[in-house]
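Just so you know, the working numbering puts 484 at position 346 of the sequence shown, and the rest follows in order with no gaps.
Positions of the beta carbon are idealized from the N, C-alpha and C atoms, including for glycine.
Since the model is a prediction, treat every value here as computed from it, not as a measurement.
Heads up, the thing below is written out as structure tokens.
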Amino acid sequence: MQLRTCGTAVLIAAFIVGTAGTATADPAPTGSIEGKVWFDRDADGRINGVEPGLYLGWVTLSDRYGNYITGTQTAWGGTYSFPNLAPGVYQVDGKQYNYGFSTPTTRRVTVTADKLSTANFGARGGKITGRSWKDLNANGIREAREPGFSAGIGLTVYNGATTMNADGRYTIDDVALGEATLQSSDGYEGGRMYTQSPAHQGTDPTRDSDFEQGTGRGPTFTFQLGPNGSVRPTTPATADVGYYEAHNTGTLTLTPDRDTTTLHVGGTVTFTGTAAFTGNALDTHAIHSTGSPAGLIFTEVTSTPSWSLELFGSDYFSLRDSFFRVPPPTVTFTVKVAITAPTTGNLTITIGGGIFFESGPATSVTTPINAT
């Protein structure tokens with residue numbers, strides 16, 4: 139019994155000592171890899187202050203033998219990160235398959251415990267250049283006296299960054315491989331609308347406008363990978379666009395179906411009108427009310443062809459067509475008005491005159507109203 143007791147005591151003591159001596163191991167130290175994918179516009183392999191990062195690029199991490207581990211998208215500014223990596227050698231791949239490159243696309247990076255390792259990747263895109271000018275005589279040919287025009291203009295292409303200078307010269311950088319189609323929008327200056335000049339006029343292709351009149355669609359360029367990771371167009375990527383001041387004017391007639399000076403509360407009056415636009419604007423034609431006395435409510439407004447109707451409360455309406463009709467259209471319309479209270483005043487309906495940025499003088503028809 140004593141030997142057994144002694145043996146048991148020895149075993150218990152050994153267990154207690156062993157338990158007391160056990161400690162939780164600290165986690166193994168790790169390091170990380172961070173970096174940036176940026177548009178290396180001067181292809182010098184160095185990041186400078188004006189070169190932007192590539193947003194939503196893709197960077198992958200592999201082990202030292204090239205076995206894929208994980209991947210990540212670049213954040214706004216082109217940055218990425220692979221945290222909590224065990225010390226060792228890794229491969230980081232920053233090749234962007236829709237762009238060229240200015241640096242090696244794969245880098246071997248050694249991760250050291252508690253240290254940050256860096257791998258940056260330079261991407262290269264294509265470039266489109268051109269100029270926008272104010273076409274004073276609207277003939278689609280850039281002449282020496284005609285100034286550059288940059289007010290309110292948008293020259294866009296998918297995956298491209300546009301810089302517009304005050305003299306109308308523009309550059310679109312960072313254009314992706316493949317096809318790139320230019321698109322221009324209307325310009326606005328001093329409350330007046332400017333639209334695209336006629337395209338491909340004259341005999342000098344360096345002085346004409348290259349964008350479709352009305353739609354604003356420009357040429358399509360194809361970019362492909364060139365020497366040393368460059369991105370080159372298959373044809374010279376330059377396009378100009380002329381703008382002229384667009385006058386949205388015309389004639390307007392308006393006929394009521396009854397005497398508007400002897401109306402009564404609870405009754406209605408219907409106006410039938412025709413608007414014939416004769417200006418040189420190609421889009422955003424509108425018919426709208428510019429004044430009505432209290433006690434009148436617009437209850438129904440229709441047009442042929444059918445235009446978009448916008449009602450602002452019950453005392454203002456606008457019929458608008460923004461679908462690039464060439465030449466300017468003629469539209470017939472009806473306006474039904476309900477009399478809800480005794481009133482005296484004038485009902486005015488207008489085309490042109492600056493609504494929705496149409497340039498040119500307004501054309502209006504005013505009808506006297508008297509209701510008891």
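Taking 8 angstroms as the threshold, find out whether the segment 262-277 comes into contact with the segment 294-310 through three or more Cβ pairs.
-> yes
Pairing CB atoms from the segment 224-239 with CB atoms from the segment 202-211, are three or more of them under 8 angstroms?
-> yes
Anticipated Cβ contact below 8 angstroms, glycine 364 with arginine 370, distance rounded = Here residue 364 is taken as the residue at index 226 of the sequence shown, counted from 1. Here residue 370 is taken as the residue at index 232 of the sequence shown, counted from 1. With 8 angstroms as the limit, glycine 364 and arginine 370 qualify as a contact, their Cβ atoms being about 4 angstroms apart.
Helix, strand or coil at proline 365 according to DSSP, with G and I counted as helix | Locating residue 365 in the sequence shown gives position 227, counting from the first residue. It is helical.
Do you know whose CA, among Ala432, Thr248, Thr341 and Ala314, lies nearest valine 116's CA?
-> Given a span of 139 to 510 for the chain in the structure shown, any question on residue 116 remains unanswerable.
DSSP state of proline 383 mapped onto helix, strand, coil | If you number the sequence shown from 1, residue 383 lands on position 245. The question names proline, but residue 383 is glutamate in the sequence shown. Strand, per DSSP.
Nearest candidate by alpha-carbon position, reference lysine 272, set Arg330, Gly183 and Gln234 = The residue you call residue 272 lines up with position 134 of the sequence shown. Answer by Cα proximity: Arg330.
Secondary structure at valine 475, three-state DSSP: helix, strand or coil?
-> Position 337 of the sequence shown, counted from the first residue, corresponds to residue 475. Strand.
Given 8 angstroms, three or more beta-carbon pairs between the segment 438-452 and the segment 386-398 | no
Indicate the three-state DSSP secondary structure (helix, strand or coil) for threonine 504 in the structure shown.
-> Working through the sequence shown from its first residue, we reach residue 504 at position 366. Looking at threonine 504 - three-state DSSP - the assignment turns out to be strand.
Residues of its chain near leucine 390, where Cβ-Cβ distance is below 6 angstroms and the 5 sequence neighbours each way are ignored | Indexing the sequence shown from 1 puts residue 390 at position 252. Excluding residues within five positions, the ones whose Cβ falls inside 6 angstroms are Ala413, Ile489, Thr501 and Val503.
Closest by CA to aspartate 252, which one among Leu223, Ala261 and Ser270?
-> In the sequence shown, residue 252 corresponds to position 114, counting from 1. Answer by Cα proximity: Leu223.
Return the CA-CA distance between serine 368 and tyrosine 332, expressed in angstroms with no decimal places.
-> Translated into positions along the sequence shown, residue 368 becomes position 230. Translated into positions along the sequence shown, residue 332 becomes position 194. Using only the alpha carbons, I get a separation of about 37 angstroms.
Residues near isoleucine 154 in its chain [Cβ-Cβ closer than 6 angstroms; skip 5 each side] | In the sequence shown, counting from the first residue as 1, residue 154 sits at position 16. Annotation note: pLDDT 42 at isoleucine 154 (below 50); position unreliable, no value reported.
Go ahead and label aspartate 312 buried or exposed: buried means 16 or more other beta carbons lie within 10 angstroms of its beta carbon, across all protein chains shown.
-> On the sequence shown, residue 312 is found 174 positions in, with the first residue counted as 1. The residue in question, aspartate 312, is buried, as its Cβ has 16 or more Cβ neighbours within 10 Å.
Selected residue, minimal CA-CA separation from valine 379, among Thr372, Phe287 and Gly388 = Translated into the one-based positions of the sequence shown, residue 379 becomes position 241. Here the closest residue by C-alpha is Phe287.
Rank Arg179, Ala304, Val188 and Ala375 by C-alpha distance to the C-alpha of glycine 260 and give the top, closest one.
-> Here residue 260 is taken as the residue at index 122 of the sequence shown, counted from 1. Residue Arg179 is the option with its Cα nearest to glycine 260.
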